[in-house]
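Visitor:
Numbering (the numbering used here), first residue to last: 328 to 453.
#1: If you drop the 5 nearest sequence neighbours on each side, which residues of the same chain put their C-beta closer than 6 Å to that of residue 398?
#2: Which one of 375, 403, 389 has the shortest CA to CA distance from residue 328?
#3: Tell me whether residue 455 sits in a helix, a strand or coil according to DSSP, three-state version.
#4: Whole-angstrom Cβ separation of residue 355 and residue 368, contact assumed at under 8 Å?
#5: So, for residue 407: in the same chain, excluding its five sequence neighbours on each side, which residues have a beta-carbon less than 6 Å away from its beta-carbon?
#6: Is it buried or exposed for residue 439, if we count other Cβ within 10 angstroms and need 16 for buried?
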């Protein structure tokens, strides 16, 4: 299995290690990666916000699965873009990631559903 891993932190290092230990593992590309992820595959310096170029790269490299670690690319819809291109991606869609990426949205959900949380206020300007 050819895997594209998105991210550069410790989480992605742990994911790279686990992916590389899979009996189904063939190739791992990590964008942008870190020295730890480079031990298990190839780090590729690439802009995470250029979804069409990422899709092209995934198609050229015959990627079977994309795994996304960081919150910002998830919130920016990277999983949606890969899925729309027919490339399986592990991670929430932008809509599902909103509860993690938007603290004010998460607070609204908690208040609406009765989940105990600290009082908060949203400010639109300073």
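Cβ atoms here follow ideal geometry from the backbone N, Cα and C, with glycine treated the same way.
Guide: Looking at the atomic coordinates:
#1: Along the chain shown, one-based indexing puts residue 398 at 71. Excluding sequence neighbours, residue 398 sits near 427, 428.
#2: Within the chain shown, the letter at position 1 stands for residue 328. For the residues 375, 403, 389, the minimum Cα distance to residue 328 belongs to 389.
#3: The requested residue 455 does not occur in the structure, where the chain is confined to residues 328 to 453.
#4: The residue labelled residue 355 in the question sits at position 28 within the chain shown. The residue labelled residue 368 in the question sits at position 41 within the chain shown. Correct: roughly 3 Å between the Cβ atoms.
#5: Taking the chain shown and counting its residues from 1, the one referred to as residue 407 is at position 80. The answer, listed in chain order, is 420, 421.
#6: What you label residue 439 is simply residue 112 of the chain shown in a count that begins at 1. Residue 439 is exposed by the Cβ-count criterion.
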